[in-house]
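Chains as they are written, first to last, in the working numbering: chain A, 1 to 249; chain B, 250 to 563.
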Ligand SMILES: Cc1cc2nc3c(=O)[nH]c(=O)nc-3n(C[C@H](O)[C@H](O)[C@H](O)COP(=O)(O)OP(=O)(O)OC[C@H]3O[C@@H](n4cnc5c(N)ncnc54)[C@H](O)[C@@H]3O)c2cc1C
Ligand SMILES: Nc1ncnc2c1ncn2[C@@H]1O[C@H](COP(=O)(O)O)[C@@H](O)[C@H]1O
């Protein structure tokens, strides 16, 4: 069974992002970029399924500027078999990403695609669900456990009240939550090996998709800053202030 | 123009985040209808009919909707969509699961997690863990929206008297099946609805120590939350997680205990009215957003806090 894993290049989660003073977006020049953390979890899960003999081939896909090839390289170093870069300088929103991924799925015929639940830059939490809709596939979002048995993927999902388990008819889309696994680090030999793994480059037009965004960003601003308050010296002072000053208890 | 809001419910009542989604829909300046989909959910529909501002309740009652599976629910919303300009739900696990699927079926780019309505086409939404606020304008014919409940005061639970109509039968795609759930039971208020939230972090050291929070939560009528580190370490269940990728809360009072204050955690609580931090490291970033900071070892501070609250009880 082939698995396709989309991996997004995002501003590293440790970076303190700064809003550009002209209000057009956040500063990305000279900022450390990494694979979206949820996508690392997706790659790891695909590798574990391959190690169990459930999966035969893992294809890592990234969509965006040429530098997204680095993100694919990271997935290859972790253990993915080959990569596809959908290269464009255009802004991609989840609807366009889902359409491009659908086109790739039609070409590659995977039985499973594992995505992150959320990209930590746009915080959309949408692409996996949209891709499932476009393909007419089942979806298991926010997965914390995955078992594949024949034509059924059993997925335990992190939901608001706790955990929920659903059985998906394959082919299926699964999106990862934080507790699914702990991604491995790529070893040096595997980083070397990954250099020889193939990455194919295609363009949105090759896939017959118009990626034009439907949402126009009018402006981006910093949220109002919270003022740090005061330190209190004791528990008694804390309780007194909460009762008489803040009046919240 | 008419909006349809998919409501989270527990078969008997409408959940508070859903009432916030209704409040957001009312800000669009359009007529607002709501949808209750579930199994034996008549009581929830009756409760929905009482929400002020709601003009109509649509009830879809049937086994296909009993567990909120995304595939049949999306098919239902798509069948209802021709009558609506806006389709909304709260950004709960359920709303986030189904609304993007609906959007794709309608060839629409969803607008996730809105924090403000500017007009019927323009919204503010947080990006980068709330470190930036983007104002976005949608060019789609229909808007498919999830609503950050913490950013909208919920409509009251009572006051309205809307008519209840029945949804048309829609064939379910039958792609997935509900197997089981493991819900964390608690007598406490829900995290996203509580007036007071007390969260513990890695500093709590283990699950047993969360018992130190309990008497305090009891006295304050608080919900208990946690940082990702505390959840990952297995101290508490996953649904306790507050943050960018967990629950977003904005209570009157948020108490962070043994939590350092990573941006991903702040993203889930920094709109709280009053923030208290208890941490033994005076340099912890959480103090930069705390109204009241106490530098102390939590293992002495928590019993003291319980005793002081008890002593000064009015
Ligand atoms: C993709 C992604 C998503 C994430 N999403 C979230 C999210 O939604 N929510 C979230 O919370 N995090 C999230 N994180 C994790 C986040 O980056 C931090 O790692 C996490 O919040 C740290 O949790 P913590 O503050 O409990 O632990 P730590 O950072 O280890 O802090 C523990 C604190 O406890 C204090 N302490 C220790 N012992 C005591 C004591 N005896 N008394 C008093 N204080 C004590 C220490 O001084 C320290 O400040 C995410 C990370 C990633 C990469
Ligand atoms: N440009 C992209 N390249 C590769 N994968 C993407 C891209 N955009 C979104 N994805 C995938 O979709 C998931 C959810 O993203 P989002 O819906 O934007 O929050 C990510 O975790 C990725 O798996």
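We put the beta carbon where it would ideally sit given N, CA and C, even for glycine.
Quick caveat: nothing in here was measured; it's all calculated off a predicted structure.
Straight-line measurement puts the Cα of residue 474 of chain B at about 24 Å from the Cα of residue 237 of chain A.
Within chain B, the C-beta atoms nearer than 8 Å to that of residue 249 of chain A come from 445, 469, 502 and 558, in chain order. With fewer than 16 neighbouring CB atoms inside 10 Å of its own CB, residue 455 of chain B falls in the exposed class. Secondary structure of residue 528 of chain B (DSSP, three-state): strand. Using a CB distance below 7 Å, no part of the segment 29-42 of chain A faces chain B. For residue 156 of chain A, the enclosing beta strand (DSSP E) stretches over residues 152-159. Assignment of beta strand (DSSP E) within the segment 333-396 of chain B, counting only whole runs of 3 or more residues, yields 335-339, 360-363, 365-368, 371-376, 381-387 and 392-396 in chain order. Judged by beta-carbon spacing, residue 161 of chain A lies within the 8 Å limit of residue 433 of chain B, meaning their Cβ atoms are closer than that value. One Cα belongs to residue 325 of chain B, the other to residue 419 of chain B, and the distance between them is close to 6 Å. Not one heavy atom of ligand 1 lies closer than 7 Å to the C-beta of residue 447 of chain B.
Taking one beta carbon from each stretch, the segment 265-278 of chain B and the segment 388-398 of chain B have 3 or more pairs nearer than 8 Å; the two touch.
Cβ-Cβ separation between residue 360 of chain B and residue 215 of chain A: approximately 7 Å, consistent with a contact (criterion under 8 Å). Between the beta-carbon of residue 281 of chain B and that of residue 306 of chain B there is about 10 Å, and that puts the pair past the 8 Å contact cut.
Ligand 2 never approaches residue 144 of chain A closely enough for any of its heavy atoms to be under 7 Å from the residue's Cβ. For residue 417 of chain B, the three-state secondary structure derived from DSSP is coil. Of all C-beta pairs linking the segment 198-215 of chain A to the segment 520-531 of chain B, fewer than three are shorter than 8 Å, placing the two stretches out of contact. Annotated as proximal: residue 176 of chain A and residue 114 of chain A, with beta-carbon spacing under 8 Å. Annotation: residue 371 of chain B to residue 491 of chain B spans about 28 Å, alpha carbon to alpha carbon. Residue 12 of chain A and residue 116 of chain A have their C-alpha atoms some 15 Å from each other. In the DSSP assignment, residue 124 of chain A falls outside any alpha helix (DSSP H), carrying neither H nor E. With a cut-off of 7 Å, the C-beta of residue 520 of chain B is classified as distant from ligand 1, since no heavy atom of the ligand falls inside that distance. Residue 183 of chain A is outside the set of residues whose beta carbon lies under 8 Å from a beta carbon in chain B. Not one beta carbon of chain B lies nearer than 8 Å to the beta carbon of residue 72 of chain A.
Following the DSSP letters along the chain, one finds residue 451 of chain B in no alpha helix (DSSP H), marked with neither H nor E. Any Cβ of chain A closer than 8 Å to the Cβ of residue 361 of chain B would place that residue at the interface, and such an atom is present. Along the length of the segment 176-235 of chain A, whole beta strand (DSSP E) runs at least 3 residues long occupy 199-202, 215-221 and 230-232, reported in chain order.
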